Each structure stands twice: as structure tokens, then as C-alpha cells.
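Structure record follows, encoded as C-alpha cells.
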Amino acid sequence: MNQERKNNESFVKIPFGFSYVLSPEQERFVKHLKEIEYLRRMGQKVDFTRAEYMKRMGLREFTFDKCAASLCRLGLVVKSADSGRNRVNYRLNGPVYDRLAKIVSTTRHIDKLTQFFDFHVVKLGKSIEQLTDGDIEALAL
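Quick note on numbering: the sequence shown equals residues 2 to 142 in my numbering.
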């Protein structure tokens, strides 16, 4: 592979455990935001309208809105708007992404992981940032 082509390729590494705690659509949303972050670093224009985000991600309006809202509640995605220009900006919250990667890497027992996430995030309504180190350590036991 020549160097020019290699420099223009993006590769997104998503921890395997994300598929146990995020829906396929949420996982797709996150993957595309990783790609958009890459494009931003490469100096590309990434100030999209909502419709452009939906088209790029291949998500329909209801699914897109549902994913954006749930990922924002988790603290994994931060949304900001520029109403004067009809633009919206979605960005991954890097520290929260890293924390979720740490959580899903804590155990290889998928039942424990899904139960942990269902209890702490779904039932108790915690964001990823609100999960304590003690909560995460208990998952490893």
C-alpha cells in the first residue's frame, strides 16, 4: 500500500464489548463520530446539518434522534447547535468513551456485563461518568 493512500485511510477500533451495551444503531453512530473526528483532524469540513449526519450514518430520522438522545444521556456524545447557521455538532466525549472501553474490558463474562449495564445505566439511570471505580471493580469480581 502506498504511503499517500495509507495517510488518507481511517481505521476505527471499537472495543468488542460495546456491542453488548450499545444497540447496533448506537454503535454505528459512535463509529461514524469516530470517523468524523478523524476527518476533523485531517482538516476536512465537518460542520454538518442534522440531515447530513443522518445521511452519512445511514440512519432514518427516528432512529437517529433516538440514538443521539440516548448517547447524550450516557454522556458518550455531546451535542451543540449553531442555530444561526442551521448546523448541529455531535462529538464523542473522549474521556467517557475511554471509560466505557475500560468498563467493557473489565470482564469477559457477557452476562455480567449486560446485567451490570442494565442495572446501573438503565434501571438506576446513571451516566457512564457517574459509574464509580467501585462499581467497575465489582464488575471484575
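Note that the Cβ used here is the ideal one computed from N, Cα and C, for glycine as well.
Predicted model, so just to flag it, every value in this text is computed and none were measured.
(request) Name the two residues that bound the continuous beta strand (DSSP E) containing R88. (result) R88 to L93
(request) Check whether the Cβ atoms of I129 and L93 sit closer than 8 Å, and answer yes or no. (result) At the C-beta level, I129 and L93 stay beyond 8 Å of one another.
(request) Pull up the distance between the alpha-carbon of V22 and that of D119, whole angstroms please. (result) So the alpha carbons of these two residues sit roughly 8 Å apart.
(request) Would you give the residue range spanned by the beta strand (DSSP E) that S81 belongs to? (result) In the DSSP assignment, S81 falls within the beta strand (DSSP E) that extends over V78 to D83.
(request) Alpha carbon to alpha carbon, how far is M55 from H121? Give it in angstroms, no decimals. (result) 30 Å
(message) Within the continuous alpha helix (DSSP H) that includes G135, where are the two ends?
(response) D134 to A141
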